[in-house]
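To get this note's numbering, take the position in the sequence shown, counting from 1, and add 2.
C-beta: ideal position from N, C-alpha, C; glycine also.
Just so you know, these numbers come straight off a predicted model, no measurement behind them.
Structure first, commentary second.
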Amino acid sequence: MFNIKRLVSLAVAATLVVGLPTQAEEIIKLATTTSTENTGLLKHLLPKFEQESGYKVQVIATGTGKALKLARQGDVDIVMTHAPAAEAKFVAEGHGHSPKGIMENDFVVLGPKQDPAHIRNAKSVEEAFEKIAKSGQPFISRGDNSGTNMKELLIWKAANIKPDFTGYTQVGQGMGKTLLMANELQGYTLSDRGTFIAYKTKIDLGVDFDGGKTLANPYQVMLISATKYPDLNHKGAKALSDWLTSKEAQTMIDQFRVKGEQLFKATYSE
3 MFNIKRLVSL AVAATLVVGL PTQAEEIIKL ATTTSTENTG LLKHLLPKFE QESGYKVQVI
63 ATGTGKALKL ARQGDVDIVM THAPAAEAKF VAEGHGHSPK GIMENDFVVL GPKQDPAHIR
123 NAKSVEEAFE KIAKSGQPFI SRGDNSGTNM KELLIWKAAN IKPDFTGYTQ VGQGMGKTLL
183 MANELQGYTL SDRGTFIAYK TKIDLGVDFD GGKTLANPYQ VMLISATKYP DLNHKGAKAL
243 SDWLTSKEAQ TMIDQFRVKG EQLFKATYSE
């Protein structure tokens, strides 16, 4: 005879299993910049969030332009970048919302330690770029539509210089590979300070120019439109965004060091 109670129990169990979140729903896809990956910051932060939340974060580290493109296409659940103008446009177009500042560092102009273009005495970064262009020295550009590349192009524009001079090379690579190429050619490049610190022992380049509001480098995290992309993991994305701006995560960001040096300054603590 059939065991009716057993059949009912199995049916209830099957219903409960169907109702459980799938593995895909437990994953948060984060598109972010190569600088957060190259520096080791994400490896410092994310295991703690994963342990506390139960989510697993899948990191897609690329340039800011591509990260925002992935978000526009609905291919990721959340995005963290460092290009304020591009981020404002992303939100204004309705692709994202709830931007939150997480941290900041700054951009630096790296070059040979002997500074053949003599940019250390420049009064502004625009003047420093002008000196490089006129010197004939190599300038290695990421050329990848990243936040760093966007900043670099804004500086050339402000200096009224078209970056097509002899020695200007676009490599279409992330910050780490760009630094290695600049080092090989003993040329100048624009870098975020965090990646430079992380690569300092691998390259023979120095900070030849830094300072000023123009070279500020703020990072933001943004949620993606649930109206445009209802099937994304919006709940997980919000949990990650909230955690990154929590006192716990902000303290971890401030305390993160590479070779004894602080790479990022937390934006605020709650």
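Query - Local conformation of residue 68 per DSSP, three classes - result: By one-based count along the sequence shown, residue 68 stands at place 66. Correct three-state label for residue 68: helix.
Query raised in the report: For residue 201, does the three-state DSSP call read helix, strand or coil?
Result: Position 199 of the sequence shown, counting from 1, holds the residue named residue 201. The answer is helix: DSSP assigns residue 201 an H, G or I state.
Requested in this report: Output the boundary residues of the alpha helix (DSSP H) element that contains residue 39.
Outcome: In the sequence shown, residue 39 corresponds to position 37, counting from 1. Run containing residue 39: 36–40, per the alpha helix (DSSP H) assignment.
Query raised in the report: Do residue 223 and residue 197 have their C-beta atoms within less than 9 angstroms of each other?
Result: Residue mapping note: residue 223 aligns to position 221 of the sequence shown, counting from 1. Residue mapping note: residue 197 aligns to position 195 of the sequence shown, counting from 1. Result no, Cβ atoms of residue 223 and residue 197 do not sit closer than 9 angstroms.
Query - Cross-strand partners of residue 170 (DSSP beta bridge) - result: As a first step, residue 170 is located in the sequence shown; it is residue number 168 there, counting from the start. The partner list for residue 170 (beta bridge, DSSP) reads 141.
Query - Pair within 9 angstroms by beta-carbon distance, residue 41 and residue 265 - result: Against the sequence shown, residue 41 aligns to sequence position 39. Against the sequence shown, residue 265 aligns to sequence position 263. Closer than 9 angstroms, so yes.
Query - Endpoints, the beta strand (DSSP E) within which residue 80 is located - result: Within the sequence shown, numbered from 1, the residue matching residue 80 stands at position 78. That run of the beta strand (DSSP E) goes 80–83.
Report task. Give me the Cβ distance between residue 106 and residue 269, rounded to the nearest whole Å; I'm assuming they're in contact under 8 angstroms. Result -> Locating residue 106 in the sequence shown gives position 104, counting from the first residue. Locating residue 269 in the sequence shown gives position 267, counting from the first residue. With a Cβ gap of about 7 angstroms, residue 106 and residue 269 count as contacting.
Query raised in the report: Is any heavy atom in the ligand GTP found nearer than 8 angstroms to the beta carbon of residue 136?
Result: This structure does not include the ligand GTP; it has no bound ligands of any sort.
Query - Simplified DSSP state of residue 256, which is helix, strand or coil - result: In the sequence shown, counting from the first residue as 1, residue 256 sits at position 254. In this structure, residue 256 counts as helix in the three-state DSSP scheme.
Requested in this report: Report the residue ranges of all alpha helix (DSSP H) runs contained in full by the region 181–229; include only those spanning at least 4 residues, in chain order.
Outcome: 195–201
Query raised in the report: For residue 126, which residues from the same chain have a beta carbon less than 8 angstroms from its beta carbon, with the 5 sequence-adjacent residues on both sides left out?
Result: Along the sequence shown, read from residue 1 onward, the residue named residue 126 stands at position 124. Non-local C-beta neighbours of residue 126 in its own chain, meaning closer than 8 angstroms and more than five positions away in sequence, comprise 214 and 216, ordered along the chain.
Query raised in the report: Per DSSP, what kind of secondary structure is residue 1 in: helix, strand or coil?
Result: This structure does not reach residue 1, given that the chain is present from 3 up to 272, and the question cannot be answered.
Report task. Out of 192, 115, 238 and 93, point me to the one whose CA is closest to residue 218's CA. Result -> For the purposes of this step, residue 218 is taken as the residue at position 216 of the sequence shown. A check of alpha carbon separations from residue 218 across 192, 115, 238 and 93 identifies 192 as the nearest.
**Report entry** Between the CA atoms of residue 225 and residue 90 - distance to the nearest angstrom
**Finding:** In the sequence shown, the residue the question calls residue 90 occupies position 88. In the sequence shown, the residue the question calls residue 225 occupies position 223. Distance between the alpha carbons of residue 90 and residue 225: 13 angstroms.
Query raised in the report: Is the beta carbon of residue 144 sitting closer than 9 angstroms to the one on residue 154?
Result: Within the sequence shown, the letter at position 142 stands for residue 144. Within the sequence shown, the letter at position 152 stands for residue 154. Residue 144 places its beta carbon less than 9 angstroms from that of residue 154.
Requested in this report: Please list, in chain order, all residues of the same chain as residue 275 whose beta carbon is under 6 angstroms from its beta carbon, the five residues on each side excluded.
Outcome: Nothing about residue 275 can be read from this structure; the chain reaches only from 3 to 272.
**Report entry** Start-to-end residues for the alpha helix (DSSP H) that takes in residue 236
**Finding:** Within the sequence shown, numbered from 1, the residue matching residue 236 stands at position 234. Run containing residue 236: 236–246, per the alpha helix (DSSP H) assignment.
Query raised in the report: Whole-angstrom Cβ separation of residue 256 and residue 37, contact assumed at under 8 angstroms?
Result: As a working mapping, residue 256 is identified with position 254 in the sequence shown. As a working mapping, residue 37 is identified with position 35 in the sequence shown. Actually they do not touch by this definition, with Cβ atoms about 17 angstroms apart.
Query raised in the report: With 16 as the cutoff for other CB atoms within 10 Å, does residue 162 come out buried or exposed?
Result: What you label residue 162 is simply residue 160 of the sequence shown in a count that begins at 1. Under this definition residue 162 is an exposed residue.
Query raised in the report: Near residue 160, what residues of its chain come up, given a Cβ to Cβ distance below 7 angstroms and the 5 sequence neighbours on each side ignored?
Result: Reading the sequence shown from its first residue, position 158 is the one you call residue 160. Excluding sequence neighbours, residue 160 sits near 128.
**Report entry** For residue 53, the first and last residue of its enclosing alpha helix (DSSP H)
**Finding:** As a first step, residue 53 must be located in the sequence shown, where it is residue number 51. Boundaries of the alpha helix (DSSP H) around residue 53: 43–55.
Requested in this report: Keeping to the same chain, check which residues put their C-beta closer than 6 angstroms to that of residue 119; ignore five residues upstream and five downstream.
Outcome: What you label residue 119 is simply residue 117 of the sequence shown in a count that begins at 1. Same-chain partners within the cutoff: 133, 134, 137 and 139.
Requested in this report: Look at the alpha carbon of residue 67 and the alpha carbon of residue 142, and state the distance between them as a whole number of angstroms.
Outcome: Position 65 of the sequence shown, counted from the first residue, corresponds to residue 67. Position 140 of the sequence shown, counted from the first residue, corresponds to residue 142. C-alpha separation (whole angstroms): 19 angstroms.
Query raised in the report: Exposed or buried, what is residue 56 when buried is set at 16 or more other beta-carbons lying within 10 Å of its beta-carbon?
Result: Mapped onto the sequence shown, residue 56 falls at position 54. By the 10 Å Cβ count, residue 56 comes out exposed.
Requested in this report: With DSSP collapsed to three states, give me the class of residue 157.
Outcome: Stepping through the sequence shown from its first residue, residue 157 is reached at position 155. Of the three classes helix, strand and coil, the one that applies to residue 157 here is helix, per DSSP.
**Report entry** Rounded straight-line distance, which links the Cα of residue 87 to that of residue 249
**Finding:** Reading the sequence shown from its first residue, position 247 is the one you call residue 249. Reading the sequence shown from its first residue, position 85 is the one you call residue 87. Each residue's Cα considered, the two are about 27 angstroms apart.
Query - Own chain partners of residue 29 with C-beta closer than 6 angstroms, once the 5 adjacent residues on each side are dropped - result: Translated into positions along the sequence shown, residue 29 becomes position 27. For residue 29, the CB contacts under 6 angstroms within the same chain, skipping 5 residues up- and downstream, are 58 and 60 in chain order.
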